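Quick note on the working numbering: the sequence shown kicks off at 8 and runs consecutively. C-beta atoms are modelled at their ideal positions from N, C-alpha and C, and glycine is treated no differently. Just so it is clear, the structure is predicted and the values come from calculations on it, not from any experiment.
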Amino acid sequence: MDAGGPPPPELRLAWLCKRWGGLPAAGGLLDQDYQMLYRMTALSNVTETLSDYRNLRGAEIHGLTEGQRRTLRFLRGMDLL
Numbered sequence: 008m009d010a011g012g013p014p015p016p017e018l019r020l021a022w023l024c025k026r027w028g029g030l031p032a033a034g035g036l037l038d039q040d041y042q043m044l045y046r047m048t049a050l051s052n053v054t055e056t057l058s059d060y061r062n063l064r065g066a067e068i069h070g071l072t073e074g075q076r077r078t079l080r081f082l083r084g085m086d087l088l
């Protein structure tokens, strides 16, 4: 996404679900495709972590959660950050 490309389809779907407060398919959570929900969650978490990280100023970096820190370490390890 930072390179100017479009976001993955699962991330766009996650944004729509969040915006409209609904799941992508009819029925409850167990009616959903597990892999799709997993990818949507992972991509949404990465996007939110990067947004939080980029908006930090000074000592605010100490307020990151352990999950956010793991995500950032992973992205750095993959040379994506």
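In the structure shown, what three-state DSSP assignment does residue i receive?
i, result
"residue 20", "helix"
"residue 57", "helix"
"residue 62", "coil"
"residue 28", "coil"
"residue 39", "coil"
"residue 34", "coil"
"residue 87", "coil"
"residue 11", "coil"
Assuming residue i is part of the alpha helix (DSSP H), what are its boundary residues?
i, result
"residue 77", "73-84"
Just tell me which of the options has its CA closest to the CA of residue i.
i, options, result
"residue 19", "48, 83, 37, 61", "48"
"residue 26", "51, 45, 41, 37", "51"
"residue 80", "24, 53, 42", "53"
"residue 43", "15, 68, 67", "15"
Is the CB of residue i under 8 Å away from at least one CB in chain C?
i, result
"residue 87", "Going by chain labels, chain C is absent from the structure shown, which holds only one protein chain."
Discussion item. For the structure I just gave you, are there three or more beta carbon pairs, one from the region 53-69 and one from the region 24-32, closer than 8 Å?
Written reply: Contact between the region 53-69 and the region 24-32 is absent: fewer than 3 CB-CB pairs across the two stretches fall below 8 Å.
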